[in-house]
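Top to bottom, those sequences are chains A, B, C and D. If you're matching positions, the first sequence starts at 1 in the numbering used here and goes up one per residue. If you're matching positions, the second sequence starts at 500 in the numbering used here and goes up one per residue. If you're matching positions, the third sequence starts at 1008 in the numbering used here and goes up one per residue. If you're matching positions, the fourth sequence starts at 1112 in the numbering used here and goes up one per residue. Think of the CB as a built atom: it goes at the ideal place given N, C-alpha and C, for glycine as much as any other residue.
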Amino acid sequence: MTLDKLLSFDWGMMAPEFSIVITAILLSLIDLFMPNKVSRKPLALLGLAGIIVAIVFAVLQVGDPVGSILFDTYRFDSFALAFKLLFLVATAMIFLLALDFEGESKWAYRGEFYYLLMTALLGAMMMASSADLITLFVGLELLSISSYILAGIRKRNFHSNEAAFKYVVNGGIATAITLFGMSYIYGLTGQTNLYAISEMLVDPRVQENSFLVIMAFVMMFVGLSFKISAAPFHMWAPDVYQGSPTPVTTFLSVVSKMAGFTLILRLFFVIFLGTQGWHNQILLDAQPFIAFVAGATMVIGNVVALRQRNIKRMFAYSSIAHAGYVLVPFVSLSLIVFKTTWFYLLAYLLMNIGAFAVIQFVTSREKSEDFTAFSGLNKRAPLTAFMMAIFIISLAGLPFTAGFIGKFGIFMSSLGTGHYILASVMIATTVVSYVYYFNVMVQIYFRKGAGNRIRPTAGLAVVMVICTIGTLLFGIYPSLALDFFQSGFDINDLFTPSE
Amino acid sequence: MESILLSALVFSPLVGILVLAFMPNTEERLLKTVGLLATLLPLAFAIITYVGFTPGNVNIQFVEQYRWIDFQIKGLPNGGDFTINYDLGVNGLTVVLLLLTAIVSTLAAAASVWIKEHWKGYFMLFLLLEIGMLGVFASQNLLLFFIFFEITLIPTFFLIGKWGYIDKEKAAYSFLVYNGLGSAILLIVFIILYMKTGTMNYTGLSSFLHQPPEVLEQMYIGDEFRFGLLIALLVALGVKLPIVPLHTWMLKVHVQAPPSIVMIHSGILLKIGAYGVYQFGIGFFPEEFRQIAFWIALLGVINLLYGAFIAFVQVDFKRVLAYSSVSHMGIVLIGLASLNGAGMQGAMFQVVSHGLISALLFFLVGLIYERTGTSLITHLGGMAKVMPITAGFLLVGGLASLGLPGMSGFVSEFMAFLGLFKEMPVLAAVGTLGIILTAVYILRAVLGMTFGETKESLLQLKEPRFVEWLPALILTALIVLIGVYPAVLSDILQLTINAMMAGKGAVV
Amino acid sequence: MSSVPLSVYLVLALILFCIGLFGALTKRNAVIVLISIELMLNAVNINLVAFAKYGINPGITGQIFSLFTITVAAAEAAVGLAILIALYRNRKTVNVDEMDIMKH
Amino acid sequence: MNPLIWIIPVLPLLSFVLLLLFGRRLKEASAHVGALLTLGSLVLSIVVLLNQWGGEPVKETLSWLTFGETTLSAGYLVNPLNALMLVIVSLVSFLVQVYSGGYMHDDDRFPIFFAYLGLFTFAMLGLVLSPNLLQLYVFWELVGVGSFLLIGYYFYKREARSAAKKAFIMTRIGDVGLFIGMILLFWQVGSFEFDEIFAAVEAGEISEGWITLTAILIFVGAIGKSGQFPLHTWLPDAMEGPTPVSALIHAATMVAAGVYLVAAMFPLFQASEAALTTVAVVGGFTAIFAATIGLAQADIKRVLAYSTVSQLGYMMLALGSSGYVAGVFHLTTHAFFKALLFLAAGSVIHAVHTQNIHEMGGLWKKMKWTAPLFLIGAMAISGVPGLSGFFSKDEILAATYADGRFGLFWIAVIAAFLTAFYMFRLFFLVFTGESRGIQEKVKESPVSMTFPMIVLGILALIGGLINTPFATYLSDFLAQNEALEIHHHETRWWIPVVATGVSLLGILMAWLVYVKKKVTRFSESAPDLHYILLNKYFIDETYDYSFVKGTRALSYFWYYIDRFVVEGLVGLVTGIVGWFSKIGSRFQNGQVQLYSSVAFAGMAILLLVVAWIGGYLT
């Protein structure tokens, strides 16, 4: 392929990615040339700026027609864009968290933290919009490997080390499993482009050894369930979340999880929509199993969370449970899969980042990750306490918060398609979750806490406020988001291969 | 169409919340005064609504409708966009309930003088709770109802858990979990209905569900399906009502929560269950309801007797009242199950009258506890000597709740039984046993506290000041008013009930 | 000349994959665990290459894919080892089952 | 004249309210307030009564409550019976209030007492004026409350408390009967109005069975209020209340309400033989049953109480034998002489500060007014010729006989004998002989107490003249009410003779036993029998062991079910969840390889199941 061919692509579409890449490179260079003992805090601001630029570009792209470059390996459709926006916003806020985070004095100087976040974000974005197994895999790994390092970035910290190692081992195995599945898909179709694959999969010759298809299906699903920390690949989450520095935990529990969902949605819907299973469409055949997985995830997450005392661990389990919730639309295959998933992820983004912001604030001030660190918070930081209450209420899915509307949407999609049992499991586990969520509330409001007033730094405060406003706003007037999604993104173009 | 009266009514407590938000945490008297004044605003609006309501008109009045949430799902049974409106409105029943809510809230706020600490937070939550309760009755669609319903959950949890007695947190949790489960089931039912019919508006739903069965059959809303939904509804609301055996949480709450909150709780919150059964159970599934009416009546009688029996051997007056609430809610079920004018109206009367009576009794509990530090019948006794007026009110409250003619309790009890006797005389006859038992346990408890030799511990007690028993006076006045001239309620209620009876549900 | 049928490659890959998995799940030595993961990834490579040659509709993409896989695997291994070294510095052990300060 | 009527009950209500509000300031004056207001309603009642003489029944109603298409109304109805009752009630109430002015003067809750009296009088008058069953029921209950409050007036006395509770609950049991009967009747007739009910009964719209059922249920209410067997036990205990209360409520008015109820619903009863028989039998049995108990009691008020029960039995018997006039007549006369007796007893107690007749004696000389008045009362109730009781009791016997209930007739005769005996036993023990107690300086009660007694005494003397075999004013008067047909039965000449005979015999016996001591008291002659009678046939104990204890046991049973079964299930569920949580977090043992193993296992299982379901394993 020649240079002019290369130039013929409309690279402009890639503007958001480029701005991220460039920022990443800039960060690394600056980090390289900065004197050693100088704090890298400014880098965070730079990164933030880069992300904001990316956001601007992305927003400008809203409503554009489907486009693709590099021979359809990388496509720009509303689906990708919609989720990219979430990643960008989330990461932007995580940068603000990172700005505040000082672990042991050493690593405040380290710049890689910031540009690794960048690359991880880039990986997520690639996952969102790649239309080819290869790019998709590369994106996935870009995200994974960066986050392995991020998890372990506190070199001197036992927990951090261990977290990183556990993450790397599990991640490696997950990758291997996923890839193994992919290799079968490739083998059966001889294609790596998703749309080409979906056409090939209906080919009778493929149908002959449909078991391989199903095997591939299962393996890819299990492999990817690692990213979204859903059963059966969920157990790493608590340890890794606990061990990683809080901003990273936030990143893992929000961005990386969202990326996982994006990948699953795109991969499975595009590839397998037409494919035969053992009775009828494979997605329909698989429904009960995925439903079971989702149910198990909710149960495990919520039930085990009851006994957690370490706040980060508790929220790890809670995020496992939420993974279960988000799987429900995917199971139900209703007409609003994307809308509900997207909205729920949006809500999840806001409330979870908000909650982690407060957690980072409290744990770093109290030098303790035990959930009693929250005791009497409403005396020491009333406003923060109030905002935490909002996040918790939203996570518990109680009204006037985005979390409720999100759950509502999920219920609509599941009950509309008659998945009564799954819905019941979800509602029951939700009620269970009240208990541990409100345990934190009890700590904040009922228990007497030691110590005097504490106030969050600007970065944290901004994040908290944004998240609070968002949570309430989308809870009280969700149409804001829903209409934006409805008008801005014509999700059906996910299925129209670009010529 | 475009009156914002109801929105004003529902959200008027916000004013108080905002004012309180900017007040110092320590000014006890000031905070209490503001808290009390704040409840007067909704009261005023409620009165305006009540006065402005035209009883002669069956339609939903003061309607407000705005597009709110829009999921825009194409190609579902109703084929349309799934829009959920923000819509409020009142009918003859809800306007009464709104007024009741406002009144009881104000009096409960007055009863909050006995709150010892954190007045600011207390009153903010209190007002939030009031928003929830008002919203529940004012809303005209399921989602809105549910949202307000859950709104009541959170403040109540805190009010019980922070300002209650020794075992408060346990009580708060069991409140949370039970009601959480209840509302969860409720939510599922609501959403199923929504997905099947594409609307959440009461009127829309009832008119949709009142189509001939075969039509519904085509929309996959078969008989079993409807029955399933109805049962689920009854279970969900049965937690709130409460129906035996789903009642245990409510005992804990009654015993542990501060009196002012119990006034609200047993005065209003329990009534939401009754209202739900009426509005959804009967309004949406009249035919199915009719078919299981016997079982509901049976449950009602069980509630009535079960509560009465157990109340007879309680030593803590609060527990007596708790079980008596169980028993009295049985009468609501009885009335509803009879499905005729008399019964339904009896049930609704019971909703109102028990609201007032239990508010009165728990107010007195607070009054007594404040002075004696106990509510154990065995520790009290001969109060009539030292606190004649309080004792008098206690006696009045007791007589009212055992259904003495001339007080609201009698009217409701009488109507409910009148209704039931028409439909199922034998069951009703069994139920009347409850009338005797009620007299038995109420007198045992009340006389145990007021009559007999005065305990030494009580001898130095003094009669509360006038302002302190003013709320009791107001409640008594209302109870007697309804008892002596029930037309004040029935005139405004009956059209709505007749409409419901006609199977139309509420008509816009 | 008749060539080795596809199925043989697939079985080989599968066996390799299982060996790798077994090692990753049972070995106590962290290094071996990482190596086993490499093994699993290489099993994938065998699959890809075999399919690329003998697949239902063979094509070059498979080999391209395997190139990517190899690269990424290498990166992953590098990172993994780096982390392991960091951990070894602190804990003076590469024994997997001693890495459980976070549990329950 | 309408305002006249509805004002009648309002005046006492007014006194209730006034005394409740300002009683503390009025102090002793509150007696005057109460008495005067009651006097007002007395005057009005008399006017109404005179208007009724030859006048038309008056009925006014206004809508009270509407449901569906039905409208329930409230209002007032005046017919001869009501008018008569009005006078009786307001008269006795007035006299009692005057009396209480003296009797209660040193009581510190003086105003409250009169307030309660006002409340009761209001309720009683309202009851009498009710034009329909519902309203009657309402006031019926209110009357009960009035009585309850007054019985429990000495609230600090344990006995008073339990007596009040007992009175309320026992009557309530009866009331439920009335409640059910009334509602059933409503669904039969479609209205609570008396006239419509009677019309329906006339027209035979209601089946025999329904009539009987409802009539009996309504009669159950009467049983409760009028202390008929088996619900009589509360009435004697009710004597814990102040004596004027006993006179007003538990002798003259409220307990007569049962009789009034049956009389008011008489057309309904008449329509069913079975119902009438029930009434008659219960009445007759109660009459003799209570009389026997009365023989052995030592408490002066309890003796009177049992005599009341038995007299009420008489009235029921009369009504049951369709002796409408007889019943109402006896109600009237009984109101007079029993009130008199109670007031007299009150003045005795007031003087000697004991109620035990064995500690009294020889009061004849000391109490110049009380003793003769008591004697008049005793003679009247024993049916000494010429006095009021004579005529009314005579009527009853005649009616019973004419109705062909000979068994009951003879029972009634025996009862009459017993009555005479125990009344004079009482009289002799209290007033004749030597003082057995330790009462020094016993003095006659003040005029405020004697005056009412005198009035009642006169009425007890001449009251009978309103309906003698020669001049039947009362029956003519009552006959104006065309709703009921009153058949006149010519009195057989020997009945009065027998009646007189037995009563005189009774008096003679009493004289022999207690004054001349010729005959040994049967407490010595038949100690066992005496023991049984003294303990009122152990009815209270029976009830206590069966119903009270039974209910308590049942309650505890349910309570423990609630505590352990229901709560237990809840605990079980939470326990299970907690257990799972525990297992779950134990399983999370920090071993990274376990984590991936789980994932792999999950994958393997999924694959296997899919393969199995997909049928790839074959």
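Look at the alpha carbon of residue i and the alpha carbon of residue j, and state the distance between them as a whole number of angstroms.
{"i": "residue 966 (chain B)", "j": "residue 1532 (chain D)", "result": "60 Å"}
{"i": "residue 1228 (chain D)", "j": "residue 1213 (chain D)", "result": "15 Å"}
{"i": "residue 1079 (chain C)", "j": "residue 87 (chain A)", "result": "23 Å"}
{"i": "residue 584 (chain B)", "j": "residue 197 (chain A)", "result": "44 Å"}
{"i": "residue 1007 (chain B)", "j": "residue 702 (chain B)", "result": "For residue 1007 (chain B), the pLDDT reaches just 32, beneath the cut-off of 50, and the residue's location in the model is therefore unreliable, although a value from the coordinates is still provided. Looking at the two C-alpha atoms, the distance is approximately 7 Å."}
{"i": "residue 537 (chain A)", "j": "residue 367 (chain A)", "result": "With chain A represented from 1 up to 499, any question about residue 537 (chain A) goes unanswered, as that position is not in the structure."}
{"i": "residue 732 (chain B)", "j": "residue 537 (chain B)", "result": "35 Å"}
{"i": "residue 20 (chain A)", "j": "residue 509 (chain B)", "result": "48 Å"}
{"i": "residue 275 (chain A)", "j": "residue 794 (chain B)", "result": "51 Å"}
{"i": "residue 688 (chain B)", "j": "residue 413 (chain A)", "result": "14 Å"}
{"i": "residue 1561 (chain D)", "j": "residue 1478 (chain D)", "result": "11 Å"}
{"i": "residue 1293 (chain D)", "j": "residue 1324 (chain D)", "result": "11 Å"}
{"i": "residue 1686 (chain D)", "j": "residue 1678 (chain D)", "result": "12 Å"}
Which same chain residues, not among the five before or five after residue i, have their C-beta less than 6 Å away from its C-beta?
{"i": "residue 1224 (chain D)", "result": "1215"}
{"i": "residue 1542 (chain D)", "result": "1474, 1475 and 1482"}
{"i": "residue 574 (chain B)", "result": "Unreliable placement is indicated for residue 574 (chain B), whose pLDDT of 49 sits below 50; no coordinate value is reported for it."}
{"i": "residue 631 (chain B)", "result": "647, 650 and 651"}
{"i": "residue 623 (chain B)", "result": "516 and 519"}
Take residue i and list the residues in its own chain whose beta-carbon comes closer than 8 Å to its own, dropping the five residues that flank it on each side.
{"i": "residue 1106 (chain D)", "result": "Limits of chain D in this structure are 1112 at one end and 1729 at the other, which puts residue 1106 (chain D) out of reach."}
{"i": "residue 588 (chain B)", "result": "505, 559, 560, 561, 562, 563, 637, 639 and 1007"}
From this set, the options, which residue's C-alpha is nearest residue i's C-alpha?
{"i": "residue 1263 (chain D)", "options": "D:1217, D:1350 and D:1222", "result": "D:1350"}
{"i": "residue 515 (chain B)", "options": "B:534, B:954 and B:862", "result": "B:534"}
Got a sec? Which residues, its chain only, sit under 7 Å from residue i by beta carbon, not counting five neighbours each side?
{"i": "residue 890 (chain B)", "result": "882, 883 and 949"}
Cβ pair count under 8 Å reaching 3, the segment 706-714 of chain B against the segment 649-665 of chain B: no
Residues of the segment 378-390 of chain A whose Cβ lies closer than 8 Å to any Cβ of chain D, in chain order: Here the close residues number zero.
The segment 294-305 of chain A / the segment 169-180 of chain A touching (three or more Cβ pairs under 8 Å): When C-beta atoms of the segment 294-305 of chain A are compared with those of the segment 169-180 of chain A, fewer than three pairs fall below 8 Å, so the two segments do not count as touching.
Members of the segment 1081-1105 of chain C near chain D, C-beta cut-off 9 Å: Within the segment 1081-1105 of chain C, 1103 and 1104 place their CB atoms closer than 9 Å to a CB of chain D, listed in sequence order.
Under 8 Å (Cβ pairs) to chain A, residues found in the segment 677-705 of chain B: Of all residues in the segment 677-705 of chain B, the ones placed with a Cβ closer than 8 Å to any Cβ belonging to chain A are 679, 680, 683, 684, 686, 687, 690, 691, 693 and 694, in chain order.
Cβ contact (3+ pairs, closer than 8 Å) linking the segment 876-889 of chain B and the segment 906-920 of chain B: no
Three-pair Cβ contact test at 8 Å for the segment 1335-1355 of chain D versus the segment 1263-1281 of chain D: Yes, they touch.
Residues within the segment 1673-1705 of chain D neighbouring chain B, beta-carbon criterion of under 7 Å: 1673, 1677, 1678 and 1681
Selection of the segment 1525-1547 of chain D by Cβ proximity to chain B, strictly under 9 Å: none
Cβ-based contacts, 8 Å cut-off: residues of the segment 147-174 of chain A near chain D: Of all residues in the segment 147-174 of chain A, 165, 166, 169, 170, 173 and 174 have a Cβ within less than 8 Å of some Cβ in chain D.
Chain A contacts made by the segment 624-657 of chain B, where a contact means CB separation under 9 Å: 642, 645, 646, 647, 648, 649, 650, 652, 653, 656 and 657
Chain-ordered residues of the segment 1711-1722 of chain D with a beta carbon less than 8 Å from chain C: Taking 8 Å as the upper bound on Cβ-Cβ separation, chain C lies near residues 1711 of the segment 1711-1722 of chain D.
Interfacial residues, the segment 477-491 of chain A to chain B, with Cβ spacing under 8 Å: 477, 478, 479, 482, 483 and 486
Against chain B: residues of the segment 118-131 of chain A by CB proximity under 7 Å: none
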